[in-house]
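Per the working numbering, residue 10 is the first one in the sequence shown, and the count goes up by one each step.
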Amino acid sequence: MNKQLLFFYQGTEKIECLVLDKEMSTKLSKVVKSVRSYFLNEDTGLLGHGYSRKHRKNLEHCNDANTEGSNSEEFEADAFSRMQKLRILQLSYVRFTGFYSLFPKSLRLLCWSGFHMKTIPEDLPLEGLVALEMKNSCLERTWERIKILRSLKILNFSHSHFLKRTPDFSGLPNLKTLILKDCIKLVKIHESIGVLDRLVYLNLRDCKNLRKLPGSFCKLKSLEKFTISGCSRLVTSAIELGKLESLKTLQANGMNFGQLAPVGGNEKSWRSLWQTWSSNLRRSPDSNHFSFSSLSSSLVSLSFAKCNLTDDALSFGLCNLPSLCFLNLSENLIYNLPQSIKNLCLLQDLWLDGCPSLQSLPELPPSLVTLKAVRCSSLETVTNLPNLMSTLFLDVSESENLSEISGLFKLKPIDYFEVEILNALRLLKLDNRQDTVVEILSRFTNTKRTYSVQQGLYEFGIFSTYFPGNEVPSWFSNKSEERLLTLNVDSLPNIEITVLHICVVYERSSPRKYRYFGDNKFGGGHTFYIKVQNITKGLKWIYAPSFIGIPGENNRLTLLCHWEFGKYLQTGDQINVSLPCWSKTFKMKELGVALAYDKQELDQSSTFTSEARELAMRHNPISDYQSEESIMEFFMPSYQMAAHHYYLSHPDYFVLRDSTDLAVRSILNEKLFEDYNYVETAGSGSDVGAGPEEEVDDDSIFDYDEDGDEEAVIAEIEELLQRSW
């Protein structure tokens, strides 16, 4: 290559940009060699199909040229002697012999990856450079004496694993960006770094052997972004971050602020250990102390993931960050966030992923837009969420113990609901079913958990519960083995309708565990939908429970719903209750529906409606809730899919709210809200849209490879929801 390019001086004086990449040349050589061995093999018969020996000769020449270049170790430096207009030079794992002073002084950008020398040659002209990048180099030091590089703005020595110390920065008055990422042997940063008045960005990520920063570091008045993530040995007490007046972004992930946990330690030992770290940084600069009060009040973005932080560390100084918009405290030892976090009036993003001890959240600032609490295994309750039904994005996936999000749902033992729904429990005759073992999947967290005490689910003003049972209770007036029931609301004197009771008995489609029952992947195969249509008023509701009971092998499970409709269910109405898109994972055995009445003179003794309404008013963020409205009516505006169509599904709410793809709503509306003739009977497979004369193969439910309409519909819905998310 050097003979064919760099030693041909003709025209080189016009070159302004040059790229020499030895690694790419080597790869190209291998590709050409592979192509040559295939296309020039006479056994392939290509010579008889338009590939002449002339073509073969040209390919051989191409391969020989690349092979010569790839085997060449060095280039002559004087090849640059005539390139006086060369401004951009990008080199990758190439070497030169001769005098480096022959490099053109017109260079403004020099990128030299894989630089092979231990120090930068003294005669290499750097005076005109605006950017110098030497990633993955073999440098142990840069230059010995002070170099005056007044034009240099960017200096990048990242991934230089042998670099032990930085150069003297006194001659770099205009440096704005300094990147020393992954310089794992770096032990010293020159004291002169404090003179870099214009330094805006400093990256020391993964400098694992760096123990301290020079005292002049606090003089960096223009520094806006500082990264020390992975600097596990860095003594934080030597960093006076509070004096960095312009600092906006601090990334300090993986810093060992909390020390290592003692073996066999407990919460008290953690807290006592942290006491040695909780003093103010300014008070004792030589001690190993850290406090949030030592941080610059100008911070906008702060990331302290994997830092062994505890509650005590957060209790001091967090409120002194009035400009904070982004806060990442993931994978720390936090039990509870401080109440003062609500005073961060500009906070928009709060990340708490992987905090295994986090139990609850305090009141959060109304400015919050994103809350992430993924894999928080101890988190049980989330309360006081701002903007829940408007702008807040919430992700609590894999937090398997989460049982309540105020304003959305709560899953509690039956005894918990004794006050709120005492009448409902009596009507549904669940008193003798307290001790049951049921496996329940949370669609909100995508996790499953086995409960030994019967649980009750309350959401949208709907109370539901799962328990083992083989048939619809005898007191249900309407029963069917099909997936559709129609009933009329009769007119009776002094009688007012309060609720609709729905019962579904179902089992697994097969005794064996399908892929949907895997230990880690659940998907939407467990999801099923309950559709209630008021034909008289032209209203439709689809309810997808946030928690789904999973039947045991060879066992049936019963779902009971107590659904308050208020003014949307009145005398003379005709009601359809159906199960559209019934899950392919489950097999419906029986459907039951019953209307519940209360005499008006007994209204004052009924506690369910008043207590449930009080519960909703206390937990729901909308202030103009009217007492005469049903709880379901309170949610309907936020969950409206189309005119008079309401999709009551909390896990899908954030998908649909943020979706810009109108096809998602269109297909959901078509597949869930359109009216079909449901002909499925107990023991048959699910088949949405089947006509009254269409037969369904009973055995099809055992074969997940068949492309049935039902499975296709569910898959299409899941795919769209996943894509939008």
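C-beta: ideal position from N, C-alpha, C; glycine also.
On a CA-only basis, which of the options is nearest residue i? Give me that one, please.
{"i": "R452", "options": "V498, L417, S486, V462", "result": "L417"}
{"i": "W152", "options": "E131, K315, P660", "result": "E131"}
{"i": "T319", "options": "L346, S408, G224", "result": "L346"}
{"i": "L377", "options": "N393, Q357, S518, Q368", "result": "Q357"}
{"i": "I198", "options": "D206, R207, I188", "result": "I188"}
{"i": "V196", "options": "A382, N212, R174", "result": "R174"}
{"i": "K4", "options": "T536, I640, P374, L600", "result": "Nothing in the structure corresponds to residue 4, since the chain is present only between 10 and 734."}
{"i": "K540", "options": "F108, S101, K680, P176", "result": "K680"}
{"i": "P482", "options": "I414, T400, H510, N341", "result": "H510"}
{"i": "T545", "options": "G575, S519, T580", "result": "T580"}
{"i": "F105", "options": "D87, M92, R91", "result": "D87"}
{"i": "E83", "options": "I414, T445, L100, R91", "result": "L100"}
{"i": "C316", "options": "S110, L336, N212, F266", "result": "F266"}
Would you mind stating whether residue i and residue j have Cβ atoms separated by less than 7 angstroms?
{"i": "K194", "j": "N218", "result": "yes"}
{"i": "S332", "j": "V309", "result": "yes"}
{"i": "K162", "j": "N183", "result": "yes"}
{"i": "N145", "j": "S122", "result": "yes"}
{"i": "D582", "j": "V498", "result": "yes"}
{"i": "V602", "j": "L494", "result": "yes"}
{"i": "R565", "j": "V514", "result": "yes"}
{"i": "L380", "j": "L355", "result": "no"}
{"i": "S312", "j": "Q260", "result": "yes"}
{"i": "V391", "j": "L359", "result": "no"}
{"i": "E468", "j": "V508", "result": "no"}
{"i": "S587", "j": "M398", "result": "no"}
{"i": "K228", "j": "Y210", "result": "no"}
{"i": "V447", "j": "G547", "result": "no"}
{"i": "A314", "j": "N393", "result": "no"}
{"i": "F171", "j": "E149", "result": "yes"}
{"i": "I350", "j": "C364", "result": "no"}
{"i": "E85", "j": "G107", "result": "yes"}
{"i": "P422", "j": "V462", "result": "yes"}
For residue i, which residues from the same chain have a beta carbon less than 6 angstroms from its beta carbon, with the 5 sequence-adjacent residues on both sides left out?
{"i": "L118", "result": "I97, A140"}
{"i": "R214", "result": "K190, T236, S238, G239"}
{"i": "S412", "result": "E389, L420"}
{"i": "P134", "result": "F112, K114"}
{"i": "K549", "result": "Q542, H654, F682"}
{"i": "T474", "result": "G465, L569"}
{"i": "N352", "result": "C328"}
{"i": "Y47", "result": "Reliability of the predicted coordinates at Y47 is poor, the pLDDT of 42 falling under 50, and the value obtained from them is presented with this limitation in mind. Taken in chain order, the list of residues that qualify is empty."}
{"i": "F644", "result": "F469"}
{"i": "P560", "result": "E516, R517, L566"}
{"i": "G251", "result": "S303, S305"}
Does the beta-carbon of residue i have 16 or more other beta-carbons within 10 angstroms, so that it is buried, or is it exposed?
{"i": "S555", "result": "buried"}
{"i": "H168", "result": "buried"}
{"i": "W484", "result": "exposed"}
{"i": "E683", "result": "exposed"}
{"i": "H125", "result": "exposed"}
{"i": "T456", "result": "buried"}
{"i": "K762", "result": "No answer is possible for residue 762: it lies beyond the span of the chain, which begins at 10 and ends at 734."}
{"i": "R242", "result": "exposed"}
{"i": "E372", "result": "exposed"}
{"i": "K127", "result": "exposed"}
{"i": "A322", "result": "buried"}
{"i": "V103", "result": "buried"}
{"i": "T3", "result": "Within the shown structure, residues of the chain are numbered from 10 to 734, placing residue 3 beyond reach of any answer."}
{"i": "P375", "result": "exposed"}
{"i": "N479", "result": "exposed"}
{"i": "S278", "result": "With a pLDDT of only 43 at S278, under 50, the local geometry of the prediction cannot be trusted, and no value is derived from it."}
{"i": "Q609", "result": "Because Q609 carries a pLDDT of 41, less than 50, the predicted location of this residue cannot be relied on, and no value is offered for it."}
{"i": "S406", "result": "buried"}
Excluding sequence positions up to five away, which residues of its chain have a Cβ less than 7 angstroms from the Cβ of residue i?
{"i": "S307", "result": "E254, S255, L256, K257, S332"}
{"i": "R458", "result": "E409, I449"}
{"i": "S231", "result": "D206, R207, L208, V209, S255"}
{"i": "A651", "result": "N678"}
{"i": "S387", "result": "P365, S366, L367, Q368, N410"}
Assuming the contact rule is C-beta atoms closer than 8 angstroms, residue i and residue j should be a hit. Round their C-beta distance to whole Å, please.
{"i": "I506", "j": "L604", "result": "6 angstroms"}
{"i": "L361", "j": "C334", "result": "Incorrect: roughly 16 angstroms between the Cβ atoms, too far for contact."}
{"i": "L657", "j": "Y577", "result": "About 13 angstroms separates the two Cβ atoms, so there is no contact after all."}
{"i": "H571", "j": "I471", "result": "7 angstroms"}
{"i": "S486", "j": "L600", "result": "About 13 angstroms; that fails the 8 angstroms criterion."}
Excluding the five sequence neighbours on either side, which residues of its own chain have a C-beta within less than 8 angstroms of the C-beta of residue i, listed in chain order?
{"i": "P176", "result": "R150, T151, W152, K156, H199"}
{"i": "L401", "result": "L377, V378, T379, L380, L394, P395"}
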